[in-house]
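Q:
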Amino acid sequence: MSKYLKSQKLKSIQNWIKKLEKAEVSEQSEECSVEELKLPYKDIGAGRHRVVFDLGNGLVLKVAKIAKGITCNKNEVNLYRSVSSSLQKHLCKIVEYGHGWLIMKKMNRIIRNKKEYENQVFHILEAFRSMGIRISDLHDKKSGDLKRKNIRLNKDKKIVFIDYANVYSC
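In structure tokens:
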């Protein structure tokens, strides 16, 4: 049962996740996964492993679009639930989750001047590293630049990570 998803929509997601787990679906384009899910929400983006929908109520829904996306959602939930409140405040709030999907707060304030926030991000990542956690979704692997698409600002202009699924022990 979901507080935010009607049973029909939740069933559609669960059926999709079952297909992913049975390997009935190969690497999918965003359009294919969105089409198959048949959810009435606006598709606002996707990464390699998940598609993101705007629920229209200040929340977003992340659904796995390939099997690795199931693990990505699980990683985000586990990290969010396991860190101290001083670190959790830098992770976008997850309000509900299930197998292969999660719902989190929609964060709209993008970082316009990345230089202004690089030190803040560096210090936050150092705090995670001191806990033995490395989040790889926040810097471009080749250039080392901040991935601004994965970082937002809260109402107090503090950094919040909206994609923190690729987490490693360090």
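Each residue of the sequence shown is one higher than the one before, starting from 89 at the first, in our numbering.
All C-beta atoms, glycine included, are put in the ideal place defined by N, C-alpha and C.
Because the structure is a prediction, the values reported are computed rather than measured.
Could you check where the alpha helix (DSSP H) with Ser100 kicks off and where it finishes?
A: Ser95 to Glu109 is the extent of the alpha helix (DSSP H) around Ser100.
Q: Determine, for Leu167, whether the minimum Cβ-Cβ distance to residues of chain C falls below 8 Å.
A: The structure shown has no chain C; it contains just one protein chain.
Q: Using 8 Å as the threshold, is the region 226 to 241 in touch with the region 195 to 212, meaning 3 or more CB pairs across them?
A: Result yes; three or more Cβ-Cβ pairs closer than 8 Å.
Q: Whose C-alpha, out of Asn103, Ser170 and Asn196, is nearest the C-alpha of Ile132?
A: Considering only alpha carbons, the answer is Asn196.
Q: Which partner residues of Ala152 appear in the DSSP bridge assignment?
A: In the DSSP output, where bridge partners are listed per residue, Ala152 has Arg138.
Q: With three or more beta-carbon pairs closer than 8 Å as the criterion, would you say the region 93 to 105 touches the region 144 to 161?
A: Short answer: they touch.
Q: Any contact between the region 173 to 192 and the region 145 to 152? By contact I mean 3 or more CB pairs, one from each, below 8 Å.
A: Touching, per the Cβ criterion.
Q: My guess is that Arg138 and Val151 are in contact by the Cβ rule of under 8 Å, so how many angstroms apart are they, rounded?
A: Contact flag correct, Cβ pair sits at about 6 Å.
Q: Please tell me whether Tyr92 and Ile191 are closer than 8 Å, where the distance is taken between their beta carbons.
A: Contact: yes.
Q: Just to confirm, is the Cβ distance from Lys177 to Asp142 under 8 Å?
A: Not closer than 8 Å, so no.
Q: Going by DSSP, what residue range makes up the beta strand (DSSP E) through Ile57?
A: This structure cannot settle anything about residue 57, because the visible part of the chain is limited to 89 through 258.
Q: Rounded to a whole number of angstroms, what is the C-alpha to C-alpha distance between Ser231 and Arg217?
A: The alpha-carbon atoms of Ser231 and Arg217 are separated by roughly 21 Å.
Q: Check for me: the alpha helix (DSSP H) holding Leu175 runs from which residue to which?
A: Here the alpha helix (DSSP H) through Leu175 covers Ser173 to Gln176.
Q: Thinking Lys126 and Ser100 are a contact (beta carbons under 8 Å), I'd like their distance in whole angstroms, please.
A: Right, the Cβ-Cβ distance comes to about 6 Å (below 8 Å), so this counts as a contact.
Q: Compare the Cα-Cα distances from Trp189 to each of Gln96, Val140, His227 and Asp244 and report the closest residue.
A: The shortest Cα separation from Trp189 among Gln96, Val140, His227 and Asp244 belongs to Val140.
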